[in-house]
Amino acid sequence: MTRLLTPRGLVRDVKRTHEIAEIPEEPGTTVRIAGFVENVKEVGRLVFVWVRDRSGIAQLTLRKAEAPEDLVRVAKSLNTHDVVSVVGVVPERREAKVGIELIPKEVEVLSRAERLPIDVTGAAATQLDTRLDWRPIDLRNPRNLAVFRIQQSLVRGMTEWLESRGFVQVFTPCIIGAPSESGAEMFEIDYFGKRAYLRQDPQLHRQLLMVAGFDRIYEVGPSWRAEPSHTPRHLCEHRGCAVELSYISDETDVMRVEEELFIAGLKRVLEERTRELEALGVELEVPRTPLPELRFPEIYEILSSMGKDIRYGDDLDRESERLLSQYVLEKYKSEAFFINRFPFAVKPFYVMRVDEDPTWARSIDLVYRGLEMSSGGQREHRYEKIVEQVRLKGMNPESVKWFTEFFRYGAPPHGGFNIGIERLTMAVVGASNIREVVLFPRAPERFMP
RNA sequence: GCCUGGGUAGUAUAGCCAGGUUAGUAUACCGGCCUGUCGAGCCGGUGACCCGGGUUCAAAUCCCGGCCCAGGCGCCA
326 MTRLLTPRGL VRDVKRTHEI AEIPEEPGTT VRIAGFVENV KEVGRLVFVW
376 VRDRSGIAQL TLRKAEAPED LVRVAKSLNT HDVVSVVGVV PERREAKVGI
426 ELIPKEVEVL SRAERLPIDV TGAAATQLDT RLDWRPIDLR NPRNLAVFRI
476 QQSLVRGMTE WLESRGFVQV FTPCIIGAPS ESGAEMFEID YFGKRAYLRQ
526 DPQLHRQLLM VAGFDRIYEV GPSWRAEPSH TPRHLCEHRG CAVELSYISD
576 ETDVMRVEEE LFIAGLKRVL EERTRELEAL GVELEVPRTP LPELRFPEIY
626 EILSSMGKDI RYGDDLDRES ERLLSQYVLE KYKSEAFFIN RFPFAVKPFY
676 VMRVDEDPTW ARSIDLVYRG LEMSSGGQRE HRYEKIVEQV RLKGMNPESV
726 KWFTEFFRYG APPHGGFNIG IERLTMAVVG ASNIREVVLF PRAPERFMP
């Protein structure tokens, strides 16, 4: 059997010569397609079979009187989501309103499907949790492919932007030996009888690569949070696009890189995913740069003027985040903005404080469509300051020595951030639950399938 | 982790407050009808009260515990 690759990389073999969307319009053309049976309908003297592959739907039309008896029998025996390979001919006149019409000459059943455990048509829309129990079947719903195509473009738009600016792609360890970072709980693992942890952020190792002189790096990879968060926007396992860069003058340099990166992702989606955006009913606009920036402590006054009082020095809560988003949308007509100069009290030891007013840290968040996309900022690179901040946080200096020691041997001023890929996808496609935009989400009560 | 609401056929829901006939509906599935369907239509059929305990003559319904889910909060990407 001769096999050859099409320009699009599809192996032309016995089961398939064309993806459905590739079928030529020329009447009389014979093609072989393969896919899942979407529907079988018998109407009077006709049998219709819809076959779907990832590119679209084809309708097979059989005239009972004209088609071979065996073929009619096979067609009538088909069930929803049987897997078939079909040889068919493009008809003279196309009458199907949905999809591409074919007159089948041969139908091979590759696999039979039992009654589906979930609804993938939307007629009796299945709840998310049940869909996730049956995720591989749920993912057959074309809306899901659209979501992950959009995610693909977001990530590629960002990584290609980073590559074009000389950022080095790196892979830092997922298993770490010390629970060094304050904040989220970490998953413990057994490491040859010793206690180890799954990282909650690749943050500290990225900084060590700045110490190493890599200058500009990025990493796309997972992080884990052992927090029992029951919300529509948290996962126990999520992926980020993390960036770190050296020789910045302050955190605003980090913001300029982050907004360009963010916009590069959105632009790529608009370029490549018009169809998918339309299928999902999503409207997308690219925010104007530079993005608006709100700073502490002025933020307390803004919130106060909106009727929300946060104690001076305290962190923002969920409602504040929403109020600030609303404020920025009204005042600056922007869906995205930065929050800067968080209180040092609510941030980890490694952030850089403002020397003249050390209550505040050079810590930034990017908020988009009311949702936090990332945290980042300028890091403290001065050894004495790092050690002092470890002490201020009440941490045991020995426990972070593996990290802090390296800063005695020269460290460029640097900063960075980590954009949550699922958060960004969720905001772009307008999903109401983050688990919608993860293939196989991990949540406190779910780690299967 | 806290608060509120929930768990009924494969899926999605009604019934629960005011305990008592064959637990209703839609969709899916099976069978039949229909001269082109395209959210097809019409007729018939199969199929369910989360688990454990308690109250009662009698529990899907009331009470207690467990597990799970949704939303909100906290934590954060």
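Counting from 326, one number per residue, gives the positions in the first sequence under this note's numbering.
Just so you know, even glycine gets a beta-carbon here, dropped at the ideal spot from N, CA and C.
Following the DSSP letters along the chain, one finds Arg558 in no alpha helix (DSSP H), marked with neither H nor E. Here Pro668 really is in contact with Phe621; their C-beta atoms are around 6 Å apart, less than 8 Å. Between Glu417 and Glu426, the CB-CB gap reaches or exceeds 8 Å. As a beta-bridge residue in DSSP terms, Tyr522 pairs with Ile501 and Glu513. The distance from the Cβ of Trp685 to that of Arg666 is about 4 Å, consistent with a contact at the 8 Å cut-off.
The straight-line gap separating the alpha-carbon atoms of Leu591 and Leu764 is approximately 21 Å. Runs of the alpha helix (DSSP H) lying entirely within the segment 574 to 619, each at least 4 residues long, are 576 to 597 and 599 to 605 in chain order.
Non-local beta-carbon contacts of Glu747 in its own chain, meaning distances under 6 Å to residues more than five positions away in sequence, involve His563, Ile759, Val762 and Val763 in chain order. Counting the other CB atoms within 10 Å of its CB gives Ala589 a total of 16 or more, which places it among the buried residues. By DSSP's assignment, Ser548 forms a beta bridge with His563.
Inclusion of Ile514 and Gly740 in the CB contact set at 8 Å is not warranted, their separation being larger than that value. Per DSSP, reduced to three states, the secondary structure at Glu644 is helical.
Minimum Cα-Cα distance from Asp444 among the listed residues Leu534, Ser629, Val715 and Asp463 corresponds to Asp463.
Asn743 carries a strand assignment under DSSP once its states are collapsed to helix, strand and coil. Rounded to the nearest angstrom, the Cβ distance from Glu618 to Met580 is 7 Å, consistent with a contact under 8 Å. Here the C-alpha atom of Phe373 lies approximately 10 Å from the C-alpha atom of Lys389.
Among the bridge pairs identified by DSSP, Gly381 is matched with Asp378. Per DSSP, reduced to three states, the secondary structure at Tyr637 is coil, with no helix or strand assignment.
In this structure, Val408 lies away from Leu609, with their beta-carbon atoms at least 8 Å apart. Annotated three-state conformation of Ile428 is strand, per DSSP. Here the alpha carbon of Arg771 sits roughly 24 Å from the alpha carbon of Tyr516. Secondary structure at Lys389: coil, using DSSP grouped into helix, strand and coil. Going by DSSP, Leu696 is part of the beta strand (DSSP E) stretching over Leu696 to Gln703.
The C-alpha of Glu697 lies about 11 Å from the C-alpha of Asp642.
Around the CB of Pro527, 16 or more other CB atoms lie within 10 Å, so the residue is classed as buried. By the 16-neighbour rule on beta-carbons within 10 angstroms, Met773 is exposed. In this structure the segment 360 to 377 touches the segment 393 to 408; the number of beta carbon pairs closer than 8 Å is three or more.
The Cβ-Cβ distance between Val495 and Glu544 falls below 8 Å. By the CB criterion at 8 Å, Glu601 and Arg694 fall outside the cutoff. Taken through DSSP and simplified to helix, strand or coil, Ala686 comes out as strand. Between Gly546 and Ile744 the beta-carbon gap is near 12 Å, outside 8 Å, which marks them as no contact.
If you look at Gly482, you'll find it in the alpha helix (DSSP H) that goes Pro467 to Ser489. Taking the C-beta atoms as reference points, Met483 is found no nearer than 8 Å to Ala736. For Arg456, there is no enclosing beta strand (DSSP E); the enclosing alpha helix (DSSP H) covers residues Leu453 to Asp458.
Leu371 has Val368 and Arg388 as its beta-bridge partners, per DSSP.
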